[in-house]
Amino acid sequence: MASTMNKRERNFIHPAIYSGWEIEHCLGDSKGYWDGDKYMPVSVGAICKSLVDKGYLEAYKVHVGHTTTYYRATAKAKSLKCYNEMCSRGYIVNDDDYVTDVRCPHCEDGIKYEVNRCQI
Ligand SMILES: [Zn+2]
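Residue numbering for the sequence shown is 4 to 123, as defined by the numbering used here.
Pasting the structure below:
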């Protein structure tokens with residue numbers, strides 16, 4: 004089993020790593036919501052579970068009358084956020100603080116590339 008994220012998983016976890024958002028999922032709801040915002044629904048299905056299994060997301064439950072499960076980025080996932088000072092969400096910022104169309108060499112959309120040791 005691959006221990007790195009695939010493209011869909013990277014897209015899924017992006018707000019958790021890049022913006023520090025958590026998924027709020029109330030027991031019985033079909034969907035979860037980023038930061039509990041009803042305008043940002045997110046599916047808590049197979050991709051979410053896979054990210055937990057691989058150690059990129061961690062789940063914790065809160066009981067306040069009803070049960071809510073939160074999913075947040077782990078330290079492993081947070082370490083993938085690009086800290087290139089010239090990078091804004093994967094694009095290089097020039098000296099005038101203007102975001103250019105030059106891609107950051109370290110990351111994709113602000114999330115660093117992973118080294119997959121399983122690849123031949
Ligand atoms: Zn970058």
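We put the beta carbon where it would ideally sit given N, CA and C, even for glycine. Just so you know, these numbers come straight off a predicted model, no measurement behind them.
Taking the C-beta atoms as reference points, THR72 is found nearer than 8 Å to ALA62. The way I'd put it, the segment 16-26 does touch the segment 101-117; three or more beta-carbon pairs between them come closer than 8 Å. The continuous stretches of beta strand (DSSP E) do not include VAL55, which lies in the alpha helix (DSSP H) extending over residues 49-56. A distance below 8 Å between beta-carbons, with the five flanking residues on each side excluded, links ILE50 to the following residues of its chain, in chain order: ARG11, GLU12 and PHE15. Boundaries for ARG92: no alpha helix (DSSP H) harbours it, and the DSSP string shows neither H nor E there.
By the beta-carbon neighbour count (other beta carbons within 10 angstroms, threshold 16), GLU88 is exposed. Following the DSSP letters along the chain, one finds GLU117 in no beta strand (DSSP E), marked with neither H nor E. The Cβ atoms of TYR74 and LEU60 sit closer than 8 Å to each other. For ASN87, the distance from the CB to the nearest heavy atom of ligand 1 is below 7 Å. Using a 10 angstroms sphere on the CB of CYS90, the tally of other CB atoms reaches 16 or more, which defines it as buried. In the DSSP annotation of this structure, the continuous segment of the beta strand (DSSP E) that includes GLU27 starts and ends at 26-29.
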